[in-house]
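Structure record follows, encoded as structure tokens.
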Ligand code: MN
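In our numbering, the protein residues as written are 69 to 801.
Structure representation (structure tokens):
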């Protein structure tokens, strides 16, 4: 085990010659085709001839050591050859074709992937982290080994970072901490992750780093003695119980100690759980036996026991974790696992290529790393980098919780996951039809946050469809992208439907059927021009308001004249369209339909929404989109199939009518006070109805023009302050 008990830079295992490298490979792969590796070295050395690293060494020392780092994970020969050749295509005359001809498609593909990643311009702002990882995943393509070579490349650059300018050191170290270390963590390659974190820490916060190194080394003697004591006690007890085991004890790595110090805002002396012990045994059963012995010897700390054997992490990690109060009343972390689990804990996904002659990865392992493949496919669905950041962030960085299906299967989620995340993890159809959820037998809201050990049951209905609000409740990329793609598809469908109705109606007015013009050369040319591939996409463009029906008619039926009967009264649609366009010229539209501002809308008379009201929209036959208040009872009766997303744009320059009802004492002078209040608030009275009730109260209904709900609330509040006024409310009709 690597000893964290020293400055990281002292741990480098520098490789000087190709013989060093092949010797290492022979240690774990005695039958391997070493000739291929030697050839790769020769070709790489030749290609890089004359290039010098900043350290003054010949360039070949870099690829040679990248290959050496790959042997630390005992990777297969294809990967190691790719490590030797990884910079040739980018920096030398060598071409991918030459590599392919010489070493075969696998090596060529790996070199190609690494070259592509090298060409990515990573953004150095923290906010662009998702974009960076997205690019990396795209470049990776199908073979995860591309990323392993790339990380090895980065690790060697980090090991030799002292030759760079301070500025570059900080930038590269930050990038390493942001992208490469989390990736290692996700791939389960713990040894690399630890080294990358400590190296980044050293260059990013040199003062804190060297301070900590010093403090840790000061207590070295004391600590080693303590570790020996604990190991002896544990060993004796395991022996007595007939358990053969290997026990390791070490301080945690610097960066993890530093994170603890900053998180708890304490100094090194105050941190007690800096030591971690590991008990490696032969079988799963022995793991639990060993745990029993540890807990009978030392008091376990409540809440710290975790069973990652029964519930493996997504990256395949398995182990028992516990924390105990040790012999000197100190907190100690203990991990118990089999030797095989340990191999995977240290090398993660790389462990699966061990000794494999033909490269590639077995199916079972591949299944376990499906999340990576998923990331690639989600990338294809989500085109916006920021959106992608949101979606992968949780998957990559958040801590995990484990919950149960009704059948007792375990599922893993990032912390903060909800029943919606769970439902989509089960199946897209389950997610799409979710109406509710039971957690541990109790009904919970869909935004309920799942906790470790919860048992979840999803309630579905065949008529349910995903709701936009769900995006606010779910955090996994899978759920997010499934919901988004469903909503987008629905909106497209509605826009297409709307566009078809509009176009058919407008064409009818000029006496032509749409399907008559929807053929021929002119038509083909036109739809290509507007970027549509068929008639339904043209409908969609009209539905979204990107093209007006007038334009379509002008192009497809230039000679068309309105049919006499209908020409007298201008069609409602035509008028609304013109008005909408005119309004757009004068002021911004105040409603967005499916994210578009240039679509025609009308306001329902039943509820008369004004900016600020929660609203919903419906496609009404031939009349564009009707906007209701979300709470309108009439809206509830409308067919849900016609629903479409609408929202206020927020640029409220439009003027809307609404009514305000005032009940007052029937006293003289009140009307004047009321009208002054309206004027002072910049509200115009368009009309007023005034009557007196039998019990001598005055009831006024003012028809006013307003900007938004805020203005209405203010004027209502002001009216209520007037002495003699009993009640003020906004009324819809
Ligand atoms: Mn390189």
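Idealized CB from N, CA, C, for every residue including glycine.
Values in this document were obtained by computation on a predicted structure and should not be read as measured data.
Worksheet item: Tell me which same chain residues have a C-beta within less than 8 Å of the C-beta of residue 106, skipping the five on either side of it?
Response: Residue mapping note: residue 106 aligns to position 38 of the chain shown, counting from 1. Once the five neighbours on either side are set aside, the close Cβ partners of residue 106 are 86 and 90.
Fill in: Proximity of residue 112 and residue 153 at Cβ, strictly below 7 Å
Here residue 112 corresponds to residue number 44 of the chain shown, with the count starting at 1. Here residue 153 corresponds to residue number 85 of the chain shown, with the count starting at 1. Yes, the pair counts as a contact, with Cβ atoms nearer than the cut-off.
Discussion item. At the level of alpha carbons, what is the spacing between residue 506 and residue 526?
Written reply: Here residue 506 refers to the residue found at position 438 of the chain shown. Here residue 526 refers to the residue found at position 458 of the chain shown. Spanning the two alpha carbons is a distance of roughly 6 Å.
Worksheet item: Looking at residue 220 and residue 179, is the spacing between their C-beta atoms short of 7 Å?
Response: As a working note, residue 179 is residue 111 in the chain shown. As a working note, residue 220 is residue 152 in the chain shown. Taking the C-beta atoms as reference points, residue 220 is found no nearer than 7 Å to residue 179.
Fill in: Residue of 489, 484 and 483 minimising C-alpha distance to residue 473
Sequence index remark: in the chain shown, residue 473 carries index 405 (1-based). The candidate whose alpha carbon is nearest that of residue 473 is 489.
Fill in: Closer than 5 Å: residues whose CB approaches a heavy atom of the ligand MN
Chain-ordered, the residues whose CB falls short of 5 Å from any heavy atom of the ligand MN come out as 155 and 221.
Practice prompt. On a CA-only basis, which of 223, 329 and 173 is nearest residue 265? Give me that one, please.
Written response: Your numbering for residue 265 matches position 197 in the chain shown. The residue with the shortest Cα to Cα distance from residue 265 is 223.
Worksheet item: Across which residues does DSSP place residue 367 in a beta bridge pair?
Response: Mapped onto the chain shown, residue 367 falls at position 299. Note: residue 367 is bridge-paired with 393 in the DSSP secondary-structure output.
Worksheet item: Residue ranges of each beta strand (DSSP E) run of no fewer than 3 residues wholly in the stretch 229 to 278, ordered along the chain?
Response: DSSP runs (the beta strand (DSSP E)) wholly in the stretch 229 to 278: none.
Item to complete: Might you give, ordered along the chain, the residues of its own chain that have their beta carbon closer than 7 Å to the beta carbon of residue 580, omitting 5 neighbours on each side?
Response: Position 512 of the chain shown, counted from the first residue, corresponds to residue 580. If the five residues before and after residue 580 are omitted, its C-beta is found closer than 7 Å to the C-beta atoms of 625 and 628, all from its own chain and listed in chain order.
Discussion item. Under DSSP, the beta strand (DSSP E) around residue 671 begins and ends at which residues?
Written reply: The residue given as residue 671 occupies position 603 in the chain shown. 669 to 671 is the extent of the beta strand (DSSP E) around residue 671.
Fill in: Beta-carbon proximity check, residue 83 vs residue 133, cutoff 7 Å
Your numbering for residue 83 matches position 15 in the chain shown. Your numbering for residue 133 matches position 65 in the chain shown. Yes. Within cutoff.
Practice prompt. Run through the stretch 771 to 795 for me and flag every whole alpha helix (DSSP H) of 4 or more residues, listed as ranges in chain order.
Written response: You should have 777 to 788.
Worksheet item: Okay, do the stretch 290 to 297 and the stretch 227 to 241 touch, 3+ Cβ pairs below 8 Å being the bar?
Response: Under the Cβ criterion (8 Å, minimum of three pairs), the stretch 290 to 297 does not count as touching the stretch 227 to 241.
Fill in: Range of the contiguous alpha helix (DSSP H) that encloses residue 513
Looking up residue 513 in the chain shown gives position 445. First-last for residue 513: undefined, no H or E at that position.
Worksheet item: In whole angstroms, what separates the C-alpha of residue 575 from that of residue 776?
Response: Within the chain shown, the letter at position 507 stands for residue 575. Within the chain shown, the letter at position 708 stands for residue 776. Near 37 Å, if we compare the C-alpha coordinates of residue 776 and residue 575.
Practice prompt. Return the CA-CA distance between residue 269 and residue 286, expressed in angstroms with no decimal places.
Written response: Along the chain shown, read from residue 1 onward, the residue named residue 269 stands at position 201. Along the chain shown, read from residue 1 onward, the residue named residue 286 stands at position 218. Straight across, the Cα-Cα distance linking residue 269 with residue 286 is about 20 Å.
Worksheet item: Do the stretch 724 to 737 and the stretch 696 to 704 touch if we need at least three Cβ pairs shorter than 8 Å?
Response: With a cut-off of 8 Å, the stretch 696 to 704 and the stretch 724 to 737 do not count as touching, because too few Cβ pairs lie within range.
Discussion item. Helix, strand or coil, according to DSSP, for residue 175 in the structure here?
Written reply: Reading the chain shown from its first residue, position 107 is the one you call residue 175. Helix.
Discussion item. If distances are taken between C-alpha atoms only, which option among 302, 174 and 383 comes closest to residue 357?
Written reply: Here residue 357 refers to the residue found at position 289 when the chain shown is read from its first residue. The option with the nearest alpha carbon to residue 357 is 302.
Fill in: alpha helix (DSSP H) segment containing residue 687, residue limits
Taking the chain shown and counting its residues from 1, one reaches residue 687 at position 619. Residue 687 -> not in any alpha helix (DSSP H); beta strand (DSSP E) instead, spanning 683 to 687.
Discussion item. When you compare the stretch 312 to 320 with the stretch 362 to 378, are there three or more beta-carbon pairs, one atom per stretch, that lie closer than 8 Å?
Written reply: No, the stretch 312 to 320 is not in contact with the stretch 362 to 378.
Fill in: Cutoff 6 Å; reference residue 753; Cβ partners in own chain excluding five residues on either side
As a first step, residue 753 must be located in the chain shown, where it is residue number 685. 746, 770 and 772, listed in sequence order.
Discussion item. Taking only three categories from DSSP, how would you classify residue 497?
Written reply: One-based indexing of the chain shown puts residue 497 at position 429. DSSP places residue 497 in the helix class (H, G or I) of the three-state scheme.
Item to complete: Can you grab the Cα-Cα spacing for the pair residue 493 / residue 546, in whole Å?
Response: Taking the first residue of the chain shown as 1, we reach residue 493 at position 425. Taking the first residue of the chain shown as 1, we reach residue 546 at position 478. Between the alpha carbons of residue 493 and residue 546 lies a gap of roughly 7 Å.
Discussion item. Rounded to whole angstroms, what is the Cα-Cα separation between residue 502 and residue 539?
Written reply: Counted from its first residue, the chain shown places residue 502 at position 434. Counted from its first residue, the chain shown places residue 539 at position 471. Residue 502 and residue 539: Cα-Cα distance of roughly 13 Å.
Worksheet entry | Three-state secondary structure (DSSP) of residue 748 | Residue mapping note: residue 748 aligns to position 680 of the chain shown, counting from 1. Helix, per DSSP.
Worksheet item: When DSSP builds the beta bridges, which residues end up paired with residue 345?
Response: Translated into the one-based positions of the chain shown, residue 345 becomes position 277. For residue 345, the beta-bridge partners assigned by DSSP are 317 and 402.
Worksheet item: Does the beta-carbon distance from residue 687 to residue 562 come in below 7 Å?
Response: For the purposes of this step, residue 687 is identified with residue 619 of the chain shown, where counting begins at 1. For the purposes of this step, residue 562 is identified with residue 494 of the chain shown, where counting begins at 1. With contacts defined by Cβ atoms closer than 7 Å, residue 687 and residue 562 form a contacting pair.
Worksheet item: Which class does residue 712 belong to by DSSP, given the choice of helix, strand or coil?
Response: For the purposes of this step, residue 712 is taken as residue 644 along the chain shown, with counting starting at 1. Residue 712: strand per DSSP, three-state reduction.
Discussion item. Whole angstroms are fine: how far does the CA of residue 728 sit from the CA of residue 780?
Written reply: Here residue 780 refers to the residue found at position 712 when the chain shown is read from its first residue. Here residue 728 refers to the residue found at position 660 when the chain shown is read from its first residue. Near 9 Å, if we compare the C-alpha coordinates of residue 728 and residue 780.
Worksheet entry | Residue nearest to residue 102 in terms of C-alpha spacing, selected from 761, 144, 250 and 326 | Residue 102 sits at position 34 when you count from the first residue of the chain shown. Here the closest residue by C-alpha is 144.
Discussion item. Are the CB atoms of residue 630 and residue 571 within a distance shorter than 7 Å?
Written reply: For this step, residue 571 is matched to residue 503 along the chain shown. For this step, residue 630 is matched to residue 562 along the chain shown. With contacts defined as CB atoms closer than 7 Å, residue 571 and residue 630 fail to qualify as a contacting pair.
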